[in-house]
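Asker:
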Amino acid sequence: MRCYLFSTSSSITAILAVAFLGHSALVAGGESNAAIDVGVYYESLCPDSIRWIKQQLLPQYDVLKDYIRVTFVPYGKASHWQDPITQKWRFACQHGEAECNGNKAQACGIHAIQNGETADKVQQHTVALVGCAMTSQFPPSSLSQCAKNVGLSEQIQEKMNECIKSSLSDDLLVAYGEKTKELAARLSFVPTITINGEIQTKALNNFFKLICDKLAEGAKPSRCSTA
Numbered sequence: 007m008r009c010y011l012f013s014t015s016s017s018i019t020a021i022l023a024v025a026f027l028g029h030s031a032l033v034a035g036g037e038s039n040a041a042i043d044v045g046v047y048y049e050s051l052c053p054d055s056i057r058w059i060k061q062q063l064l065p066q067y068d069v070l071k072d073y074i075r076v077t078f079v080p081y082g083k084a085s086h087w088q089d090p091i092t093q094k095w096r097f098a099c100q101h102g103e104a105e106c107n108g109n110k111a112q113a114c115g116i117h118a119i120q121n122g123e124t125a126d127k128v129q130q131h132t133v134a135l136v137g138c139a140m141t142s143q144f145p146p147s148s149l150s151q152c153a154k155n156v157g158l159s160e161q162i163q164e165k166m167n168e169c170i171k172s173s174l175s176d177d178l179l180v181a182y183g184e185k186t187k188e189l190a191a192r193l194s195f196v197p198t199i200t201i202n203g204e205i206q207t208k209a210l211n212n213f214f215k216l217i218c219d220k221l222a223e224g225a226k227p228s229r230c231s232t233a
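Numbering (our numbering), first residue to last: 7 to 233.
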C-alpha cells in the first residue's frame, strides 16, 4: 500500500477556496435560491461516467437548468501524492495516465470558465464543455476543440490551455481529490452523484425523476408531471 503525502501548503488551500465557494459561481440565469445542488464525481475515461452524462444529465439539462446547480468533480478513484525529492504532484488514475490528463484538462476548463465568464453563463458553459468532452471520441484530448465548439471566448480558451500546460492543472486535480475525500461515504462507484450533499444511487438511472421529486409542488418544470 502506498502512503500518500497530502500537502497543506497555502497554494492548495487557495485552490480549494477558489474551486469550491459553495457553488456560488455556478448560477444559471433564472435559477432560484431553492435550486438543488448536484455534485458529479466522475472520471474522464470512465464508461459509466460517460454514459451518465450522455444519458442522464445532457438530455434533461435544458429542462432542469433553472432548478439545479451542477458541480463537476473530475477525480473519481484516482490517488495523488507528492514526490519526496521534486515535491511535484504525482497521480494514479483508474484508467491510466490518459485519464489523469483528461481529468486535469477538464479541471482547467472548469476553472477558466469560473474565473472568466459572467455568473449567468458559468453553469451553461461548464455543462456544455464537459458534455462535449465526455461525448467525444476520446475525452482527454478533446477540450480545445470542445471549447471552440461551445463558443468559449478566446480569452477563456487561452486561460484553459495555459492551465493545462502549467502546474495549476496539478493543483486543481489535487483540490478535486480533497473534495472527493470529503464525501460522507467513501467513493465506491464512479460516477457518484450527490443531491444537496447526499449520495443518491437512484440518480444513476433516474436523475430527472429524482430531481422532480425533490422540487416543491408548484416549483417544478411541467415535464415533471410525466416523470
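Cβ atoms here follow ideal geometry from the backbone N, Cα and C, with glycine treated the same way.
All values reported here derive from a predicted model rather than from experimental measurement.
(1) Report the start-end ranges of each alpha helix (DSSP H) in the segment 51-80 that is 4 residues or longer and not cut off at the edges.
(2) Per DSSP, G45 is paired with what?
(3) Since L189 and A104 should fall inside the 8 Å C-beta cutoff, what is the C-beta to C-beta distance between them, to a whole number of angstroms?
(4) Just to confirm, is the Cβ distance from V44 to V76 under 8 Å?
(5) With H, G and I counted as helix, E and B as strand and the rest as coil, what does DSSP make of A153?
(6) Report the CB separation of V196 from K83 in whole angstroms; it is logged as a contact under 8 Å.
(7) Taking only the alpha-carbon atoms, compute the straight-line gap between R96 and G102 and give it to the nearest angstrom.
(8) Consult DSSP for H29 and reduce its assignment to one of helix, strand or coil.
(9) Would you please state the rounded distance, in angstroms, between the beta carbons of L174 and A153? I believe it to be under 8 Å.
(10) Just checking G203 against the ligand FAD - is the residue's beta carbon closer than 7 Å to any of the ligand's heavy atoms?
(11) CA-CA distance, E37 and A222?
(12) Per DSSP, what are the beta-bridge partners of R96 in this structure?
Answerer: So, from the listed chains and residues:
(1) Within the segment 51-80, complete alpha helix (DSSP H) segments of at least 4 residues are found at 53-58, 64-70, given in chain order.
(2) T77, T200.
(3) Their Cβ separation, rounded to whole angstroms, is 25 Å, which puts L189 and A104 out of contact at 8 Å.
(4) Less than 8 Å separates the beta-carbon of V44 from that of V76.
(5) A153 falls in the helix class under three-state DSSP.
(6) V196 to K83, Cβ: 6 Å. Contact.
(7) Each residue's alpha carbon lies about 12 Å from the other.
(8) Unreliable placement is indicated for H29, whose pLDDT of 40 sits below 50; no coordinate value is reported for it.
(9) Incorrect: roughly 16 Å between the Cβ atoms, too far for contact.
(10) As for the ligand FAD, it is missing from this structure, which has no ligand bound.
(11) At E37 the pLDDT is 47, less than 50, meaning the model places this residue with poor confidence; the figure from the coordinates comes in the next sentence. So the alpha carbons of these two residues sit roughly 14 Å apart.
(12) Looking at the DSSP output, R96 sits in a beta bridge with W87.
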